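Here's the structure, in structure tokens; my notes come after.
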Amino acid sequence: MNEGTPSSNKFASETAEPALTHVRSDGSAHMVDVTAKSETTRTASATATVRTRPDVIEMIFDADLPKGDALPVARVAGIMGAKKTPEIIPLCHPLPLGKITVDFAREEDCVVISSSVKTRGVTGVEMEALTAVTTAALTVYDMIKAVDKHAEITDVKVIAKSGGKSGDWSV
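The sequence shown begins at 115 in this note's numbering and counts up by one.
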């Protein structure tokens with residue numbers, strides 16, 4: 115199989131959909147070359163939900179859990195997670211993150227975690243925003259598992275992005 119010929123790429127066709135960006139013509143994964151892309155300010159926001167019982171929500175927001183005050187620990191964990199994204203997601207580019215926020219909203223039977231990540235770079239920060247909320251959600255789960263073994267992490271998603279060639283969008 116000749117790697118350089120379009121016909122050898124089973125993942126792309128000149129007349130069909132564009133090629134997968136992280137797959138070489140032989141089917142192996144690689145990190146995309148972003149050196150020719152323009153540097154712009156880029157942001158992404160994501161959310162995740164930790165579902166639990168109302169009494170556990172009360173303990174979380176009263177800082178009354180057996181393991182301690184969950185939300186400050188989860189906030190720092192989320193920030194650290196965003197910073198470590200390229201270490202745990204193999205094809206992510208390391209980025210100079212300029213701002214990371216992690217916040218919590220109280221609902222009757224869940225905590226909604228939101229993050230916003232900002233950089234000035236050549237590729238987006240969606241993965242960093244997702245890693246922030248997921249790491250924060252895992253930390254909340256870890257802090258409450260002694261009082262609710264049935265808690266769930268749900269609804270992890272990117273809700274907005276800006277910057278770059280593909281433009282801005284939000285849900």
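The C-beta atom is built at its ideal place from N, Cα and C for all residues, glycine as well.
Quick caveat: nothing in here was measured; it's all calculated off a predicted structure.
Candidates the options, of which the one nearest residue i by Cα
{"i": "Cys206", "options": "Ala243, Met173 and Ile227", "result": "Ala243"}
{"i": "Glu221", "options": "Met241, Met173, Ala246 and Asp183", "result": "Met173"}
{"i": "Val226", "options": "Ala162, Val146 and Ala158", "result": "Ala162"}
{"i": "Ser228", "options": "Asp217, Thr166 and Thr237", "result": "Asp217"}
{"i": "Lys279", "options": "Lys181, Tyr255, Val148 and Ala196", "result": "Val148"}
{"i": "Gly277", "options": "Ala265, Gly235, Lys263 and Ala250", "result": "Gly235"}
{"i": "Met257", "options": "Lys197, Val270, Ala177 and Gly212", "result": "Ala177"}
Limits of the alpha helix (DSSP H) - the one that residue i falls within
{"i": "Glu222", "result": "No alpha helix (DSSP H) holds Glu222; DSSP gives it neither H nor E."}
{"i": "Val170", "result": "Pro168 to Phe175"}
{"i": "Thr199", "result": "Thr199 to Ile202"}
{"i": "Thr149", "result": "Segment: none, Thr149 is in no alpha helix (DSSP H) and carries neither H nor E."}
Coil, strand or helix - residue i by DSSP
{"i": "Ala274", "result": "strand"}
{"i": "Leu179", "result": "strand"}
{"i": "Thr212", "result": "It should be noted that the sequence gives Gly, not Thr, for residue 212. In this structure, Gly212 counts as strand in the three-state DSSP scheme."}
{"i": "Asp256", "result": "helix"}
{"i": "Val239", "result": "coil"}
{"i": "Val226", "result": "strand"}
Residue interval of the beta strand (DSSP E) (run including residue i)
{"i": "Thr157", "result": "Thr154 to Arg165"}
DSSP bridge partner residues for residue i (one or two, in chain order)
{"i": "Arg234", "result": "Thr155"}
{"i": "Thr268", "result": "Thr163"}
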